[in-house]
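Report on the structure given below.
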Amino acid sequence: MKMQLKTLVTAAALLALALGAAAQQAPAGGTLDKIRSSGRAVLGVREASPPMAYMLGANDKYVGYHVELCERVLKDIAPSARLEYMAVTAQNTIPLVQNGTLDIGCGPTTNNTARQQQVAFALTTYVSEVRMATRVDSGISSLDQLAGRTVSASTGTTAVQLLRKRERAQNTTITTMLGKDHLESFLLMESGRADAFVLDDNLLAGIIANAKNPSAYRIVGDALGSEPIALLFRKDDPAFKAAVDDALRRLMKSGELEKIYTRWFVAPIPPKNTSLNLPMSAALKQLIAEPNDKPLEAYAK
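For the sequence shown, the numbering used here begins at 1 and goes up steadily by one.
Structure follows, in C-alpha coordinates:
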(Lines of atoms letter the chains of each structure in order from A; the text may use other names.)
(Lines give C-alpha, C1' and ligand atoms only; values in the text may rest on other atoms or scores of the structure.)
Protein backbone atom coordinates (compact mmCIF):
# COMPACT_ATOMS: atom_id res chain seq x y z
CA MET A 1 0.00 0.00 0.00
CA LYS A 2 1.42 3.39 -0.99
CA MET A 3 1.92 5.44 2.13
CA GLN A 4 0.92 9.09 2.33
CA LEU A 5 3.31 11.71 3.69
CA LYS A 6 3.03 11.73 7.47
CA THR A 7 3.98 14.85 9.39
CA LEU A 8 4.57 14.87 13.13
CA VAL A 9 3.40 17.86 15.13
CA THR A 10 5.86 18.33 17.98
CA ALA A 11 4.87 18.51 21.63
CA ALA A 12 5.83 22.18 21.67
CA ALA A 13 3.59 22.90 18.72
CA LEU A 14 0.77 20.98 20.40
CA LEU A 15 1.07 23.09 23.54
CA ALA A 16 1.05 26.30 21.53
CA LEU A 17 -1.98 25.18 19.53
CA ALA A 18 -3.85 24.08 22.62
CA LEU A 19 -3.18 27.33 24.48
CA GLY A 20 -3.95 29.47 21.47
CA ALA A 21 -7.19 27.69 20.67
CA ALA A 22 -8.42 27.10 24.21
CA ALA A 23 -10.74 30.10 24.26
CA GLN A 24 -11.92 29.76 20.67
CA GLN A 25 -15.04 28.13 19.35
CA ALA A 26 -14.85 25.27 16.89
CA PRO A 27 -14.21 26.52 13.34
CA ALA A 28 -17.16 27.25 11.12
CA GLY A 29 -17.97 24.77 8.38
CA GLY A 30 -17.66 21.02 8.28
CA THR A 31 -14.58 18.97 9.08
CA LEU A 32 -14.45 17.45 5.60
CA ASP A 33 -14.43 20.93 4.03
CA LYS A 34 -11.70 21.99 6.47
CA ILE A 35 -9.54 18.97 5.59
CA ARG A 36 -10.03 19.39 1.84
CA SER A 37 -9.36 23.13 1.83
CA SER A 38 -6.26 22.88 4.04
CA GLY A 39 -4.98 19.68 2.43
CA ARG A 40 -4.27 18.13 5.81
CA ALA A 41 -5.98 16.08 8.51
CA VAL A 42 -4.84 16.20 12.13
CA LEU A 43 -5.01 12.90 14.03
CA GLY A 44 -4.95 12.82 17.81
CA VAL A 45 -2.83 9.84 18.92
CA ARG A 46 -1.39 8.50 22.17
CA GLU A 47 2.24 7.93 23.02
CA ALA A 48 1.75 4.97 25.36
CA SER A 49 -1.50 3.08 24.74
CA PRO A 50 -0.50 -0.11 22.91
CA PRO A 51 -1.96 -1.79 20.95
CA MET A 52 -4.53 0.96 20.24
CA ALA A 53 -2.19 3.91 19.70
CA TYR A 54 1.47 4.32 20.64
CA MET A 55 4.78 5.81 19.60
CA LEU A 56 7.32 3.47 18.09
CA GLY A 57 11.06 4.09 18.04
CA ALA A 58 13.11 7.25 17.93
CA ASN A 59 11.48 8.61 14.77
CA ASP A 60 8.20 9.48 16.52
CA LYS A 61 6.20 7.05 14.38
CA TYR A 62 2.70 6.35 15.68
CA VAL A 63 1.12 2.94 15.22
CA GLY A 64 -1.69 0.79 16.60
CA TYR A 65 -5.15 -0.56 15.92
CA HIS A 66 -7.00 2.77 16.14
CA VAL A 67 -4.19 4.65 14.41
CA GLU A 68 -4.45 2.29 11.45
CA LEU A 69 -8.25 2.57 11.43
CA CYS A 70 -7.95 6.37 11.36
CA GLU A 71 -5.46 6.18 8.50
CA ARG A 72 -7.66 3.82 6.50
CA VAL A 73 -10.78 5.94 7.07
CA LEU A 74 -9.07 9.18 6.08
CA LYS A 75 -7.51 7.59 3.02
CA ASP A 76 -11.03 6.61 1.99
CA ILE A 77 -12.84 9.91 2.64
CA ALA A 78 -10.02 12.40 1.97
CA PRO A 79 -7.41 10.54 -0.13
CA SER A 80 -5.31 13.59 -1.00
CA ALA A 81 -5.01 14.92 2.54
CA ARG A 82 -1.65 14.96 4.31
CA LEU A 83 -1.83 13.21 7.68
CA GLU A 84 -0.43 15.00 10.72
CA TYR A 85 -0.05 13.22 14.06
CA MET A 86 -0.49 15.06 17.35
CA ALA A 87 0.34 13.36 20.65
CA VAL A 88 -2.52 13.86 23.12
CA THR A 89 -3.65 12.52 26.49
CA ALA A 90 -6.92 11.22 27.90
CA GLN A 91 -7.46 14.64 29.51
CA ASN A 92 -6.92 16.95 26.54
CA THR A 93 -8.31 14.92 23.63
CA ILE A 94 -11.89 16.14 23.93
CA PRO A 95 -11.03 19.87 24.34
CA LEU A 96 -8.71 19.69 21.32
CA VAL A 97 -11.45 18.03 19.26
CA GLN A 98 -13.98 20.61 20.41
CA ASN A 99 -11.89 23.61 19.43
CA GLY A 100 -10.96 22.14 16.04
CA THR A 101 -7.27 21.52 16.73
CA LEU A 102 -7.85 17.81 16.09
CA ASP A 103 -9.92 16.55 13.18
CA ILE A 104 -10.23 13.03 14.61
CA GLY A 105 -9.27 11.36 17.85
CA CYS A 106 -7.59 7.98 17.36
CA GLY A 107 -6.81 6.99 20.92
CA PRO A 108 -8.68 4.45 23.06
CA THR A 109 -11.55 6.72 24.12
CA THR A 110 -14.68 5.34 25.78
CA ASN A 111 -17.99 6.46 24.31
CA ASN A 112 -20.33 7.50 27.13
CA THR A 113 -23.34 9.79 27.44
CA ALA A 114 -21.44 12.56 29.23
CA ARG A 115 -18.84 12.71 26.48
CA GLN A 116 -21.54 12.61 23.82
CA GLN A 117 -22.58 16.05 25.07
CA GLN A 118 -19.15 17.33 24.06
CA VAL A 119 -18.08 15.33 20.99
CA ALA A 120 -19.43 12.78 18.52
CA PHE A 121 -18.33 9.17 18.32
CA ALA A 122 -18.01 6.86 15.34
CA LEU A 123 -19.29 3.30 15.24
CA THR A 124 -17.83 1.17 18.03
CA THR A 125 -14.63 -0.55 16.89
CA TYR A 126 -13.60 -2.19 20.16
CA VAL A 127 -15.31 -3.40 23.32
CA SER A 128 -12.94 -3.43 26.25
CA GLU A 129 -13.24 -4.88 29.71
CA VAL A 130 -11.79 -2.80 32.52
CA ARG A 131 -9.59 -5.22 34.48
CA MET A 132 -6.69 -5.02 36.90
CA ALA A 133 -3.07 -6.00 36.50
CA THR A 134 -0.97 -7.05 39.49
CA ARG A 135 2.48 -8.36 40.18
CA VAL A 136 2.51 -12.16 40.23
CA ASP A 137 3.92 -12.08 43.76
CA SER A 138 1.24 -9.70 45.08
CA GLY A 139 -1.20 -12.43 46.10
CA ILE A 140 -4.07 -10.42 44.61
CA SER A 141 -6.47 -12.36 42.42
CA SER A 142 -9.89 -10.73 42.92
CA LEU A 143 -11.44 -7.28 43.11
CA ASP A 144 -12.57 -7.96 46.68
CA GLN A 145 -8.91 -7.90 47.74
CA LEU A 146 -8.57 -4.24 46.74
CA ALA A 147 -10.31 -3.07 49.92
CA GLY A 148 -7.87 -0.98 51.94
CA ARG A 149 -5.21 -1.18 49.23
CA THR A 150 -3.68 1.32 46.83
CA VAL A 151 -4.59 1.08 43.14
CA SER A 152 -3.12 3.08 40.27
CA ALA A 153 -5.15 4.45 37.36
CA SER A 154 -4.54 7.02 34.64
CA THR A 155 -5.94 10.53 34.98
CA GLY A 156 -8.98 11.08 32.77
CA THR A 157 -9.85 7.40 32.24
CA THR A 158 -13.18 5.79 33.08
CA ALA A 159 -11.29 3.28 35.26
CA VAL A 160 -11.14 6.01 37.92
CA GLN A 161 -14.93 6.37 37.88
CA LEU A 162 -15.44 2.61 38.04
CA LEU A 163 -13.14 2.29 41.05
CA ARG A 164 -15.08 4.99 42.90
CA LYS A 165 -18.36 3.35 41.94
CA ARG A 166 -17.12 0.07 43.40
CA GLU A 167 -16.06 1.84 46.61
CA ARG A 168 -19.59 3.14 47.06
CA ALA A 169 -21.23 -0.17 46.16
CA GLN A 170 -18.99 -2.20 48.49
CA ASN A 171 -18.86 0.46 51.24
CA THR A 172 -15.10 0.15 51.32
CA THR A 173 -12.02 2.30 50.77
CA ILE A 174 -9.62 2.04 47.83
CA THR A 175 -6.77 4.53 47.67
CA THR A 176 -6.36 5.63 44.05
CA MET A 177 -3.01 6.93 42.81
CA LEU A 178 -3.23 8.76 39.49
CA GLY A 179 -0.58 8.58 36.79
CA LYS A 180 -0.46 11.21 34.06
CA ASP A 181 -0.41 8.42 31.45
CA HIS A 182 -0.56 4.63 31.33
CA LEU A 183 3.20 4.10 31.57
CA GLU A 184 3.39 6.20 34.71
CA SER A 185 0.40 4.33 36.19
CA PHE A 186 2.09 1.01 35.41
CA LEU A 187 5.30 2.25 37.03
CA LEU A 188 3.38 2.96 40.24
CA MET A 189 2.37 -0.71 40.34
CA GLU A 190 5.72 -2.00 39.05
CA SER A 191 7.63 -0.12 41.75
CA GLY A 192 5.35 -1.33 44.55
CA ARG A 193 3.76 2.02 45.33
CA ALA A 194 0.43 0.60 44.12
CA ASP A 195 -0.85 -2.95 44.60
CA ALA A 196 -2.74 -3.08 41.29
CA PHE A 197 -3.25 -1.09 38.08
CA VAL A 198 -6.74 -0.76 36.59
CA LEU A 199 -7.26 -0.10 32.87
CA ASP A 200 -8.82 -1.56 29.72
CA ASP A 201 -7.77 -5.17 29.21
CA ASN A 202 -6.25 -4.56 25.78
CA LEU A 203 -4.10 -1.72 27.05
CA LEU A 204 -3.00 -3.71 30.10
CA ALA A 205 -1.96 -6.59 27.83
CA GLY A 206 0.00 -4.23 25.59
CA ILE A 207 1.82 -2.56 28.45
CA ILE A 208 2.70 -5.87 30.12
CA ALA A 209 3.93 -7.32 26.80
CA ASN A 210 6.38 -4.42 26.51
CA ALA A 211 7.50 -4.42 30.14
CA LYS A 212 11.07 -5.30 31.13
CA ASN A 213 9.85 -8.60 32.62
CA PRO A 214 6.38 -9.45 31.23
CA SER A 215 6.18 -12.71 33.18
CA ALA A 216 6.22 -10.77 36.46
CA TYR A 217 2.70 -9.40 35.88
CA ARG A 218 -0.74 -10.81 35.20
CA ILE A 219 -4.29 -9.63 34.53
CA VAL A 220 -6.65 -10.99 37.18
CA GLY A 221 -10.14 -10.70 38.63
CA ASP A 222 -13.55 -10.00 37.16
CA ALA A 223 -14.17 -7.04 34.90
CA LEU A 224 -15.20 -3.77 36.54
CA GLY A 225 -17.21 -3.03 33.41
CA SER A 226 -17.38 -3.29 29.62
CA GLU A 227 -16.82 -0.21 27.52
CA PRO A 228 -17.38 0.67 23.86
CA ILE A 229 -14.29 2.30 22.35
CA ALA A 230 -14.57 4.49 19.26
CA LEU A 231 -12.94 7.18 17.14
CA LEU A 232 -14.23 10.68 17.93
CA PHE A 233 -14.62 14.04 16.25
CA ARG A 234 -16.50 17.31 16.44
CA LYS A 235 -20.12 17.25 17.54
CA ASP A 236 -22.87 18.58 15.26
CA ASP A 237 -21.02 17.65 12.06
CA PRO A 238 -23.31 14.93 10.66
CA ALA A 239 -21.61 14.89 7.25
CA PHE A 240 -18.24 13.97 8.75
CA LYS A 241 -19.76 11.36 11.05
CA ALA A 242 -21.62 9.80 8.14
CA ALA A 243 -18.43 9.69 6.05
CA VAL A 244 -16.39 8.09 8.87
CA ASP A 245 -19.12 5.60 9.75
CA ASP A 246 -19.61 4.62 6.11
CA ALA A 247 -15.87 4.05 5.72
CA LEU A 248 -15.85 1.87 8.84
CA ARG A 249 -18.85 -0.11 7.59
CA ARG A 250 -16.96 -0.85 4.39
CA LEU A 251 -13.96 -2.09 6.40
CA MET A 252 -16.27 -4.26 8.50
CA LYS A 253 -18.20 -5.69 5.57
CA SER A 254 -15.07 -6.48 3.53
CA GLY A 255 -13.38 -8.29 6.41
CA GLU A 256 -10.56 -5.72 6.51
CA LEU A 257 -11.37 -4.56 10.02
CA GLU A 258 -11.00 -8.11 11.34
CA LYS A 259 -7.63 -8.39 9.57
CA ILE A 260 -6.50 -5.12 11.15
CA TYR A 261 -7.69 -6.37 14.54
CA THR A 262 -5.74 -9.62 14.14
CA ARG A 263 -2.60 -7.69 13.18
CA TRP A 264 -2.63 -5.77 16.48
CA PHE A 265 -4.26 -8.15 18.98
CA VAL A 266 -3.26 -11.63 17.87
CA ALA A 267 -0.10 -11.39 15.74
CA PRO A 268 3.22 -10.27 17.29
CA ILE A 269 3.45 -6.49 17.53
CA PRO A 270 6.43 -4.15 17.76
CA PRO A 271 8.67 -3.22 19.41
CA LYS A 272 9.27 -6.60 21.08
CA ASN A 273 7.31 -8.69 18.55
CA THR A 274 5.19 -10.13 21.35
CA SER A 275 1.60 -11.28 20.82
CA LEU A 276 -1.16 -10.05 23.13
CA ASN A 277 -3.19 -13.20 22.40
CA LEU A 278 -6.52 -11.37 22.59
CA PRO A 279 -8.80 -12.91 19.94
CA MET A 280 -11.81 -10.88 18.87
CA SER A 281 -14.61 -11.09 21.44
CA ALA A 282 -18.13 -12.25 20.70
CA ALA A 283 -19.35 -8.73 21.52
CA LEU A 284 -17.11 -7.14 18.88
CA LYS A 285 -18.00 -9.78 16.30
CA GLN A 286 -21.65 -8.93 16.87
CA LEU A 287 -20.91 -5.22 16.46
CA ILE A 288 -19.18 -5.88 13.15
CA ALA A 289 -22.27 -7.77 11.99
CA GLU A 290 -24.62 -5.09 13.35
CA PRO A 291 -22.67 -1.83 13.81
CA ASN A 292 -23.83 0.83 16.26
CA ASP A 293 -22.54 3.79 18.25
CA LYS A 294 -24.29 3.09 21.57
CA PRO A 295 -22.64 4.61 24.68
CA LEU A 296 -21.20 2.92 27.75
CA GLU A 297 -24.51 3.10 29.60
CA ALA A 298 -25.98 0.58 27.12
CA TYR A 299 -23.31 -1.91 28.28
CA ALA A 300 -23.86 -1.45 32.02
CA LYS A 301 -24.26 -4.62 34.01
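Just so you know, even glycine gets a beta-carbon here, dropped at the ideal spot from N, CA and C.
It should be emphasised that the depicted structure is a prediction, and the values quoted were computed from it without experimental measurement.
Pairwise C-beta distances place the stretch 220 to 227 out of contact with the stretch 70 to 80, as fewer than three of them are shorter than 8 Å. Ranked by how close their Cα comes to the Cα of I219, the residues A90, A87 and R135 have R135 in first place. A direct Cα-to-Cα measurement between I207 and P50 gives close to 6 Å.
The beta carbons of T93 and T109 sit closer together than 9 Å. Two segments are said to touch when three or more pairs of C-beta atoms, one from each, lie closer than 8 Å; by this definition the stretch 144 to 155 touches the stretch 172 to 184.
Note that the stretch 231 to 238 touches the stretch 122 to 133; at least 3 beta-carbon pairs, one per stretch, sit closer than 8 Å.
As computed with DSSP, I229 is found in a beta bridge with T110 and Y126. In the three-state reduction of the DSSP assignment, R263 falls in the helix class, which pools H, G and I. Only residues of its own chain outside the window of five on either side were considered, and among them G44, V45, R46, S49, M52, A53, H66, V88, A90 and T93 have a CB closer than 8 Å to the CB of G107, listed in chain order. Membership of D200 in any alpha helix (DSSP H) is not indicated; the residue belongs instead to the beta strand (DSSP E) covering A196 to D200.
Distance between I269 and R263, taken at the CA atoms: about 8 Å. For the set N202, K272 and P95, the Cα lying nearest the Cα of Y261 is the one of N202.
The Cβ neighbour count for P279, taken over all protein chains shown within 10 Å, is under 16; the residue is labelled exposed.
Shown here for K180: same chain residues with a beta carbon closer than 8 Å to its own, the five before and five after excluded, namely T89, S154 and T155 in chain order. CA-CA distance, V63 to R131, rounds to 23 Å.
Ranked by Cα distance from D237, the options N59, G100, L56 and M86 are led by G100. Excluding five sequence positions before and after E68, the CB atoms of its chain that fall closer than 6 Å to its own CB belong to I260, given in chain order. Distances from the CA of L162 to each of M189, D195, S142 and L199 were compared; the closest alpha carbon is that of L199. Excluding the 5 residues flanking it on each side, E190 has no same chain C-beta neighbour closer than 6 Å. With a cutoff of 9 Å on beta-carbon distance, T176 and P214 are scored as not near each other. Excluding five sequence positions before and after L96, the CB atoms of its chain that fall closer than 7 Å to its own CB belong to A18, G44, V88 and L102, given in chain order. Residue pairing of A133 in beta bridges, as defined by DSSP: F197 and I219. Bounds of any beta strand (DSSP E) do not take in K285; it lies within the alpha helix (DSSP H) bounded by A282 to A289. With a contact defined as Cβ atoms closer than 8 Å, G30 and F240 qualify at about 6 Å. For M252, the uninterrupted alpha helix (DSSP H) segment begins and ends at P238 to S254. No Cβ-Cβ contact shorter than 9 Å links V127 with D195. In this chain, the beta strand (DSSP E) harbouring V63 covers K61 to V63.
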